[in-house]
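Student:
There are 2 protein chains.
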Amino acid sequence: MTPDRLSLNQWTTRRWSVREAVDGCVRHGIPAIGLWREAVADQGLAATAKLVTDAGLRVSSLCRGGFMTGPGLGLDDNRAAIDEAAALGAACLVLVVGGLPGVSPGGGPGPGFSRDLPGARARVAEALSVLAPYAAERGVRLALEPLHPVYCADRAVLSTLGQALDLAEPYASERVGVVVDSFHVWWDPEVLTQIARASGRIASYQVSDFLVPLPADPLLGRGMMGDGVIDFGPITAAVEAAGYRGDVEVEIFNADVWAADPDEVLATMKRRFAATVG
Amino acid sequence: MTPDRLSLNQWTTRRWSVREAVDGCVRHGIPAIGLWREAVADQGLAATAKLVTDAGLRVSSLCRGGFMTGPGLGLDDNRAAIDEAAALGAACLVLVVGGLPGVSPGGGPGPGFSRDLPGARARVAEALSVLAPYAAERGVRLALEPLHPVYCADRAVLSTLGQALDLAEPYASERVGVVVDSFHVWWDPEVLTQIARASGRIASYQVSDFLVPLPADPLLGRGMMGDGVIDFGPITAAVEAAGYRGDVEVEIFNADVWAADPDEVLATMKRRFAATVG
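From first to last, the protein sequence lines stand for chains P and H.
Under my numbering, the first sequence is numbered contiguously, ending at residue 1034.
Under my numbering, the second sequence is numbered contiguously, ending at residue 1034.
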């Protein structure tokens, strides 16, 4: 995948505001950006839309909606996220579906806790049935992101690409797609088969490496491509073969990367992207 | 599952020797024990066999062979493990197949490191083709244990029950079986389907809970049943429905459990087993 498809997911340079990240992309010749709602809210939605348009950047995704497994299925917040994705012209809205009810991300069981995993998964399907038409009316493609099974309890009961594709199946592929994130799916014995099955339905390809050993907080176990154990070649080839022609986001949650000079991070990212993914 | 099928996996009371663990089982009316090779070596193989026989305990498993993904496929050590399982009359020899070549358990990439995950998986199949006949001649049932995907790089490239069943398929079910360990498989959207598929091939059912958040070392994230997020009922029912009539091992890797008085651990274990699994 060529450098003209490289996208900076702004969480990789988390300390940068939207404006700074946009400027960084321009400075480094990166043609696309993945935005986060929190950062967009800080910058202002209209101001963000103007910044990316003026800079000529594509918005490869908005992160993130989801968290549909609790009371109310998160519908109000997800409708707001869809509206924001529409305003930004984002290629998709990434959905991190949420963990078991009553388990906070990174935390333990709290009020409302339930061990009913199939029930939580059914809630996701239910929320999707409400949100998919809403998104379709606004021209927003939803992107279901399976997360590594280590996050099943607290962040996403959606754990494999196969499961995401089953969930997406009732909907047109241009309306409900899936995210292939190397960190989350590299271990899956079915990964290449399921990427092939996802033909036409891949809404986003995100890359970061899987570090071994994981740090104390497994959320921060993502590394720069080449620093971990993932063999990107076969995954990238499968994503290409499945017809994905969109941007490739580098999304890294990592304390060292966040502490580094963001301009150096972007320079490293471009080099590593070319060496491992591109 | 009734208390007469409860087994103490001796790693749960890790500071106990084989002799102490056997005595503990007798004291608490636990009819079976899962042994670990390191502890058996410390006690002596013949002495261990005599201790369990004299105590009237069943040996529900010997842990563990495996680690077949490196040079030499670990064949010599696995043959020794099979011989030990035969001498102990163990119901099965648990195989933890190993991670990527050159990645040490709990460590990072080292000499000989390779990112070739399909290659590592092929080595497991190759090692199994050599070890299965050796085990069959000695009347030992091999038990392939899928580990949680968080351990894919450093401990087991075997990550799902479906994958374990595919690997076992060429062999008679009484020769090569699979382990269902609640900690490792609870998150899998296919778990109940694959347990049903495993009918006749379940060699061991191990239980412990999945703690959230995980501790800094994810290896120690197992808790006493009821302390984590697993709903044991459906898994146990599926294991029963698949025809498993063997012992149910409680296998807990947890710093607090290891620090506690082992007699209290056994008392708690019996209570929790009845409340959640039995």
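Idealized CB from N, CA, C, for every residue including glycine.
1) When the cut-off is 8 Å and only beta carbons count, does P/P974 lie next to chain H?
2) For P/R793, tell me which candidate among P/E1020, P/A836, P/R761 has the shortest Cα-Cα distance.
3) Who are the near neighbours of P/G918 in its chain, counting only those whose CB is closer than 7 Å to its CB and skipping five residues on each side?
4) Name the chain P residues whose beta carbon is nearer than 7 Å to that of H/R871?
5) Is P/D910 close to chain H? Criterion is C-beta to C-beta, closer than 8 Å.
6) Going by beta carbon distance, what residues of the same chain come within less than 6 Å of P/A899, once the five residues before and after it are set aside?
7) Would you call the stretch 852 to 869 of chain H and the stretch 961 to 970 of chain P touching, i.e. three or more CB-CB distances under 8 Å?
8) Give me, in chain order, the residues of the same chain whose beta-carbon lies closer than 8 Å to that of H/A912; leave out the 5 immediate sequence neighbours on both sides.
9) List, in chain order, every chain P residue whose beta-carbon is nearer than 8 Å to that of H/V995.
10) Just checking my contact of P/V778 with P/A811 at CB under 8 Å: how many whole Å lie between their CB atoms?
11) Bridge partners of P/Q962, per DSSP?
12) Under the rule that 16 or more other beta-carbon atoms within 10 Å means buried, what is H/R957, buried or exposed?
13) What number of angstroms, rounded off, separates the C-alpha of P/A891 from the C-alpha of P/K1026?
14) Quick one: Cα of H/V886 to Cα of P/E1020, how far?
15) Would you mind telling me which residues of chain P sit closer than 8 Å to H/G862, beta carbon to beta carbon, in chain order?
16) Would you list the residues sitting across from H/W792 in a DSSP beta bridge?
17) Measure from the alpha carbon of P/C781 to the alpha carbon of each residue in P/D760, P/G800, P/Q799, P/L801, then state which is nearest.
18) Are there 16 or more other CB atoms within 10 angstroms of the CB of H/A928, so buried, or fewer, so exposed?
19) Identify the contact partners of P/S960 in chain H, using a Cβ-Cβ distance below 8 Å as the criterion.
20) Going along the chain, which residues of its own chain have a beta-carbon closer than 6 Å to the beta-carbon of P/F869, five neighbours each way excluded?
21) Quick one, are the C-beta atoms of P/A788 and P/D1003 less than 8 Å apart?
22) Could you check whether the Cβ of P/D992 sits closer than 8 Å to any Cβ belonging to chain H?
23) Enumerated in chain order, which unbroken segments of the beta strand (DSSP E) with a length of 3 residues or greater are wholly contained in the stretch 798 to 844 of chain H?
24) Can you find the residues in the same chain that come closer than 7 Å, C-beta to C-beta, to P/V995, ignoring five residues on each side of it along the sequence?
25) Less than 8 Å between CB atoms is the rule here; does H/F823 satisfy it with respect to chain P?
26) May I ask which residues mark the beginning and end of the alpha helix (DSSP H) holding H/L887?
27) Please tell me whether H/L856 has its Cβ less than 8 Å away from any Cβ of chain P.
28) For P/S816, does the count of other Cβ atoms within 10 angstroms reach 16, so buried, or fall short, so exposed?
29) By how many angstroms is the C-alpha of P/G785 removed from the C-alpha of P/L762?
30) Would you mind giving the Cβ-Cβ distance between H/S964 and H/F939, rounded to the nearest angstrom? I have them listed as a contact below 8 Å.
31) Using a Cβ-Cβ cut-off of 8 Å (strictly less than) and excluding sequence neighbours within five positions of H/Q766, which residues of its own chain qualify?
32) In whole angstroms, what separates the C-alpha of P/R783 from that of P/K806?
33) Could you name the residues that DSSP lists as bridge partners for P/V852?
34) Can you list the residues of chain H that P/Q919 reaches, using a CB-CB cut of under 7 Å?
35) Name the chain H residues that come within less than 8 Å of P/T769, Cβ to Cβ?
36) Can you tell me whether H/R1001 is buried or exposed, with buried defined as 16 or more other CB within 10 angstroms of its CB?
Tutor: The relevant details are as follows:
1) The C-beta of P/P974 comes closer than 8 Å to at least one C-beta of chain H.
2) Minimum Cα distance to P/R793 is reached at P/A836.
3) Correct list, in chain order: E946, Q950.
4) V985, I986, D987
5) yes
6) C848, V850, G933, V935, A959, S960
7) yes
8) G822, V852, V853, G854, G855, E901, P902, L903
9) Per Cβ cutoff of 8 Å: no residues; H/V995 is ~17 Å from chain P at best.
10) 5 Å
11) P/D937, P/E1005
12) buried
13) 33 Å
14) 50 Å
15) Simply P969.
16) H/C819
17) P/D760
18) exposed
19) Ordered by position in chain H, no residue passes the 8 Å Cβ test against P/S960, which lies about 21 Å from the chain.
20) G858
21) yes
22) In the sequence on display, residue 992 of chain P carries Thr and not Asp. For P/T992, the answer is no, since every Cβ of chain H falls outside 8 Å of its Cβ.
23) The stretch 798 to 844 of chain H contains these whole beta strand (DSSP E) runs: 814 to 822.
24) Contacts found: V936, I951, I958, Y961.
25) no
26) Unbroken alpha helix (DSSP H) run through H/L887: 873 to 893.
27) yes
28) buried
29) 9 Å
30) 5 Å
31) W772, V774, A777, I789, G790, L791, W792, A795
32) 18 Å
33) P/G822
34) Listed by position along chain H, the residues whose Cβ is nearer than 7 Å to that of P/Q919 are P945.
35) Going along chain H, no residue has its Cβ under 8 Å from P/T769, so there is no contact; the nearest lies around 25 Å.
36) exposed
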